[in-house]
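Residue numbers (the numbering used here), protein chains in the order written: chain P, 1 to 180; chain R, 181 to 360. Backbone N, C-alpha and C fix where the C-beta goes; we use that ideal spot for every residue, glycine too. Here the structure is a predicted model, which is why all the values come from computation and not from measurement. Okay, structure first, notes after.
Number of protein chains: 2
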Amino acid sequence: MTIQFAILGLLSWQSLSGYDLKKIFADSAVLYWSGNNNQIYKALLQLHEQGLVTQEIQNQEYLPAKKTYTITEKGRTALKAWVRSTPELPEVHNAFLIQLSWADLLTEEELSATLKRYEEEVQVQLLMQKEKARRMGPSSARSPRETYLWEMTLKNIVSVYENELTWVRQVREGLLHLSP
Amino acid sequence: MTIQFAILGLLSWQSLSGYDLKKIFADSAVLYWSGNNNQIYKALLQLHEQGLVTQEIQNQEYLPAKKTYTITEKGRTALKAWVRSTPELPEVHNAFLIQLSWADLLTEEELSATLKRYEEEVQVQLLMQKEKARRMGPSSARSPRETYLWEMTLKNIVSVYENELTWVRQVREGLLHLSP
DNA sequence: ATAAGCATGTAAAGCGTTACATGATTTG
DNA sequence: CAAATCATGTAACGCTTTACATGCTTAT
């Protein structure tokens, strides 16, 4: 259900079409949904039914009619209530930890290869996230406070991967000293 | 599909019933599924169909027959292949970051209250995870290497919450210096 | 007496992903 | 000539959660 509020949040910032939203979801790490059609168009329908957004239809030649969604006052109120509501803890799904739990089945070489690959993948992600954060740069926030909050959400994601990278290096280091 | 391998991993360590598995899932942070009946009993059926586990039925008075599942050689091979396979990156779903993104709608007091509540919740989780890690202590691992790996998976989870705690404190600190 | 533990399973509903479908325009 | 962009939507499938159903035993 949170995807509705994620969309409402984006619309509180500017009016957008489903297609626009789809692209925003696709390259955001904070908005962790895939942003597929099914979810977005359905959520927009529901928001519309609830009166939290209005839609404006622009007919186009050769293309399906574009629907631009705008948040209503009721929508702003609902969004504000959600933002004020009790924060949820992050949910982390780390399948690699499960793999590691049973990695004693592997030879030393296999285990060290797996750990090395994981470190590399985390590092690639970290660089990608840092690049994204850099590109955001001076954005169209509505206030200095909003700029600060957006910076900090990006920093959060970077820090998660940095933490993971530090951890996996520690694991590899520790393994070397385990059975020489 | 990973839940099958999670179960297979647990069975590689000792034979268990669906009910046993359910309890293990319920209080594990690494095994991030809720561990509800539907998932576990279905997964066990599928593992059985694939010949990766065998079941032994113990009839009990006054209680439904208990089915104890044991991993087969084929199951061990499948598990080993999965453990060796390309590691996935962690998936983090942090709804709080989305809330923060639109928190400019709130007054200073409301925002600072939300951040404080989040810090408290993260801290509670951190203590709970540390306590769990402590209680694990000297466990029934099959080798010193497995003991080490299990320790490190627990440390990973603790580090995730520590990282989150450090971050939210930084956010609060930064807000104070933003607009005095 | 009430609740928790043991032990299995089913039903229903929601969430999420991939793929399909259309079809002109622009870019490589 | 192929692929991507624009722009909407549907279908099918699988994952995940909550709740329901049974029923005896043990602890509070």
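Asked                                                                                                                             : Found
Collapsed DSSP secondary structure at R:Thr234 in the structure displayed                                                         : strand
Within chain R, partners of P:His93 - CB distance below 7 angstroms                                                               : Tyr212, Pro270 and Glu271
Residues that R:Leu259 contacts on chain P, provided the C-beta gap is smaller than 9 angstroms                                   : Trp102 and Leu105
Chain P within 8 angstroms of R:Thr252, Cβ atoms only                                                                             : no
Residues bridged to R:His357 (per DSSP)                                                                                           : DSSP lists no partner for R:His357.
Beta-bridge pairing of P:Glu91 - partner residues as DSSP gives them                                                              : R:His273
Sub-8 angstroms separation of P:Pro87 and R:His273 beta-carbons                                                                   : no
Sufficient close CB pairs (3 or more, under 8 angstroms) joining the stretch 276-287 of chain R to the stretch 127-140 of chain P : no
Cross-chain neighbours of P:Leu149 in chain R, by beta carbon under 7 angstroms                                                   : Leu280, Ser281, Ala283 and Asp284
Three-state secondary structure (DSSP) of R:Ser292                                                                                : helix
Any C-beta of chain P under 8 angstroms from that of R:Asp205                                                                     : Looking at the sequence provided, one finds Phe at residue 205 of chain R rather than Asp. Output row for R:Phe205: interface = no.
Per-residue DSSP class, three states only, for R:Thr250                                                                           : strand
Through-space distance from R:Asn336 to P:Trp167, alpha-carbon basis                                                              : 7 angstroms
Endpoints, the alpha helix (DSSP H) within which P:Leu44 is located                                                               : Asn37 to Glu49
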